[in-house]
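**Q** Just so we're aligned, residue 2 is where the sequence shown starts under the working numbering, counting upward by one. Okay, here's the structure, questions in a sec.
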Amino acid sequence: MPNPMPNVLVVDDSKMFLQVLVQSLEETVAGRIISAGSLEETRALLDQHEFAVAMLDLNLPDAPQGEVVDLVLEKGIPVIVFAGDCTDQTRERLWSKNIVDYVLKEGGESLRYAVRQARRVILNREIKVLVVEDSEMVRTMVAGLLRVHRFQVFEAANGREGLQVLNANPDIRLIITDYEMPEMDGIRFVRAVRARHPKEEMAIIGISSHELEYLSARFLKSGANDFLTKPFSSEEFYCRVSQNMDLLEYIQTIKDYSEKDYLTGLFNRRYLFAQGPSRIRKKQKKGDAVCLAMLDIDHFKKINDQYGHEMGDAVLRDLGEQLLRHFAHRGIAARLGGEEFCLLLDDDATSVTELLEEFRQEVAGTDFTCGGVRCSFSLSIGLCASAHLDMEAMLKNADEALYMAKNNGRNRLEIWNK
2 MPNPMPNVLV VDDSKMFLQV LVQSLEETVA GRIISAGSLE ETRALLDQHE
52 FAVAMLDLNL PDAPQGEVVD LVLEKGIPVI VFAGDCTDQT RERLWSKNIV
102 DYVLKEGGES LRYAVRQARR VILNREIKVL VVEDSEMVRT MVAGLLRVHR
152 FQVFEAANGR EGLQVLNANP DIRLIITDYE MPEMDGIRFV RAVRARHPKE
202 EMAIIGISSH ELEYLSARFL KSGANDFLTK PFSSEEFYCR VSQNMDLLEY
252 IQTIKDYSEK DYLTGLFNRR YLFAQGPSRI RKKQKKGDAV CLAMLDIDHF
302 KKINDQYGHE MGDAVLRDLG EQLLRHFAHR GIAARLGGEE FCLLLDDDAT
352 SVTELLEEFR QEVAGTDFTC GGVRCSFSLS IGLCASAHLD MEAMLKNADE
402 ALYMAKNNGR NRLEIWNK
């Protein structure tokens, strides 16, 4: 089940600052923003709601010594602290409480930074991190820092153990690794990881107390994204981690723009034609057949003409969501353009035929609502299965089968079998 929309707690006695902060959060964070102006209001809200993260003013009229921070931390909620100023003593006191971050009220950029941090904490709940360090004390310390930011943390005592953890959890997005370790040191470990996981998919931060000046360069040249010298402060560690995670997110966003259809979330034509041929060849080299299906929404122009383009877009989005739910884990689901879609699936022809027929019936039997108007639609599907044809030929044959489905009354599946 998808995670429910998270609650974000915001506490500040300045109504103007609170208004600006809430507005910025609503524009940036996918969550429900709940605000308070005092310690007493905060206590009441904590009894009523669960929160994914809290953003707290350090000095409230009824809590001038930062009591609200302790109150919220006692509930196990990650805390970002706002302060008008911050002495070294106050800074050390705050970090000793295991807060997420503190932010000075210095203007717009500070506010935007705090909002990004709140968003990052919420996103971190779905992100796996691996800590590879032979010192149990250091490993526990680093893992603890990461858990404050709500990462899912895995631990390993050396490079070999790290590779085993990574094999079991290939969706790990960040690795923190020491240099000097038994069995496999950090440099060899990074090289082994990079042989399978490129920089755009996984970030690696090397850490070491070694005094060799060239060690950081060796880490970076071996494939690490960043390097930290021990001992390091919690504040610097968090800045490096957040920057690397933000960079991965930016890269993924750019990749999605180039590979995904903006309306449906499916892969686009460019991605299909870039990845499809090699995927087909790989399967066929093993002697396996590949299935390619063309799908077309019946009478789509009539839907646009009768209900408007807003309804047409809603139909496309709805179909995209259904295709992702049913087929994304089985191969490539793509939108070719307009109302035409393509599936490149790894299952055998018999299974794919059954899946497509069930899907066609499900789509035809489902109504959905857009702007208070109920609408339904159906699909015509053409399928080609082959253990030797290339993608161009399979597309042509599937398109012929789709043409047959249209000519034979629509809302049906036809299979190319010449």
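Note that the Cβ used here is the ideal one computed from N, Cα and C, for glycine as well. Fair warning: this is a prediction, and the values are worked out from it, not measured in the lab.
Give me, in chain order, the residues of the same chain whose beta-carbon lies closer than 6 angstroms to that of Arg195; leave out the 5 immediate sequence neighbours on both sides.
**A** Taken in chain order, the residues that qualify are Gly224.
**Q** In three-state DSSP terms, what is Gln307?
**A** Note: Gln307 maps to helix in three-state DSSP.
**Q** What three-state label does DSSP hand Glu28 in the structure shown?
**A** Three-state result, Glu28: helix.
**Q** When we look at the beta-carbon of Pro62 and count the other beta-carbons within 10 Å, is it buried (16 or more) or exposed?
**A** That one is exposed.
**Q** Once DSSP output is grouped into helix, strand and coil, what is the label at Lys302?
**A** Three-state DSSP puts Lys302 in a helix.
**Q** Residues in its own chain within less than 8 angstroms of Ala193 by CB, not counting five upstream and five downstream?
**A** Closer than 8 angstroms at Cβ, skipping near neighbours: Gly160, Leu164 and Met185.
**Q** Taking 7 angstroms as the limit between beta carbons, can you name the residues of its chain near Gln285, skipping five residues before and five after?
**A** The residues are Val291, Ala388 and His389.
**Q** How long is the line joining the alpha carbons of Gln49 and Ile35, rounded to whole angstroms?
**A** Roughly 11 angstroms separates the two Cα atoms.
**Q** How many angstroms separate the CA atom of Lys287 from the CA atom of Asp102?
**A** Rounded to the nearest angstrom, the two C-alpha atoms are 53 angstroms apart.
**Q** Alpha carbon to alpha carbon, how far is Gln458 from Lys129?
**A** Because the chain here runs from 2 to 419, residue 458 falls outside it and cannot be looked at.
**Q** Under the assumption that Leu337 contacts Ser235 (Cβ atoms under 8 angstroms), give the Cβ distance between them as a whole number of angstroms.
**A** So it is not a contact: roughly 50 angstroms between Cβ atoms.
**Q** Under a Cβ-count criterion, where at least 16 other Cβ atoms within 10 Å of its own Cβ denotes burial, should Met2 be classed as buried or exposed?
**A** With a pLDDT of only 41 at Met2, under the threshold of 50, the placement of this residue in the model should not be trusted; the figure read from the coordinates follows. Looking at its Cβ environment, which holds fewer than 16 other Cβ atoms inside 10 Å, Met2 is exposed.
**Q** Arg140 and Val132 look like a contact to me (Cβ under 8 angstroms); what is the Cβ gap, rounded to whole Å?
**A** Right, their Cβ atoms sit about 6 angstroms apart.
**Q** My parser needs the alpha helix (DSSP H) runs of 4 or more residues fully inside the region 14-102; what are they?
**A** DSSP runs (the alpha helix (DSSP H)) wholly in the region 14-102: 16-29, 40-49, 68-74 and 89-97.
**Q** Have a look at Phe342 and Asp314 and give me their C-alpha separation to the nearest angstrom.
**A** Going from the Cα of Phe342 to the Cα of Asp314 covers about 14 angstroms.
**Q** Identify, in the order they occur along the chain, each residue of the same chain with its Cβ nearer than 7 angstroms to the Cβ of Glu156, setting aside the five sequence neighbours on each side.
**A** Excluding residues within five positions, the ones whose Cβ falls inside 7 angstroms are Val132, Arg140 and Ala144.
**Q** In the DSSP output, which residue or residues are listed as bridge partners for Lys261?
**A** Beta-bridge pairing links Lys261 to Phe268.
**Q** Within 8 angstroms: the Cβ of Arg361 and any heavy atom of the ligand ZN?
**A** Looking for the ligand ZN in the displayed structure turns up nothing, as the structure carries no ligands at all.
**Q** Start and end of the alpha helix (DSSP H) containing Thr351?
**A** Where Thr351 is concerned, the enclosing alpha helix (DSSP H) stretches over Ala350 to Ala365.
**Q** Name the two residues that bound the continuous beta strand (DSSP E) containing Glu156.
**A** First-last of the beta strand (DSSP E) with Glu156: Gln153 to Ala157.
**Q** Whose CA, out of Leu296, Gly207 and Leu267, lies closest to the CA of Thr230?
**A** Out of Leu296, Gly207 and Leu267, Gly207 has the C-alpha closest to the C-alpha of Thr230.
**Q** Taking the beta carbon of Ile255 as the centre, do at least 16 other beta carbons fall within 10 Å, making it buried, or is it exposed?
**A** Exposed, because fewer than 16 other Cβ atoms sit within 10 Å of the Cβ of Ile255.
**Q** At what residue ranges does the region 234-260 contain a whole run of the alpha helix (DSSP H), taking only runs of 4 or more?
**A** Runs of the alpha helix (DSSP H) inside the region 234-260: 235-260.
**Q** Along the chain, where does the alpha helix (DSSP H) that runs through Ala388 open and close?
**A** No alpha helix (DSSP H) contains Ala388, which DSSP labels as neither H nor E.
**Q** Mind checking which residues open and close the beta strand (DSSP E) that includes Ala290?
**A** Counting along the chain, Ala290 falls outside any beta strand (DSSP E), and DSSP gives it neither H nor E.
**Q** Out of curiosity, what's the CA-to-CA distance linking Leu403 and Asp297?
**A** Distance between the alpha carbons of Leu403 and Asp297 is about 8 angstroms.
**Q** What number of angstroms, rounded off, separates the C-alpha of Gly108 from the C-alpha of Tyr263?
**A** Approximately 34 angstroms, taken between the alpha carbons.
**Q** Please classify Cys385 as buried or exposed, where buried requires at least 16 neighbouring CB atoms within 10 angstroms.
**A** Buried: at least 16 other Cβ atoms inside 10 Å.
**Q** Secondary structure at Asn181, three-state DSSP: helix, strand or coil?
**A** First, the residue type needs correcting, since residue 181 is Glu and not Asn in the sequence shown. Residue state, collapsed to three classes: coil.
**Q** Just verifying my parser: in three-state terms, what is the DSSP assignment at Arg148?
**A** Reduced to three states, the DSSP call for Arg148 is helix.
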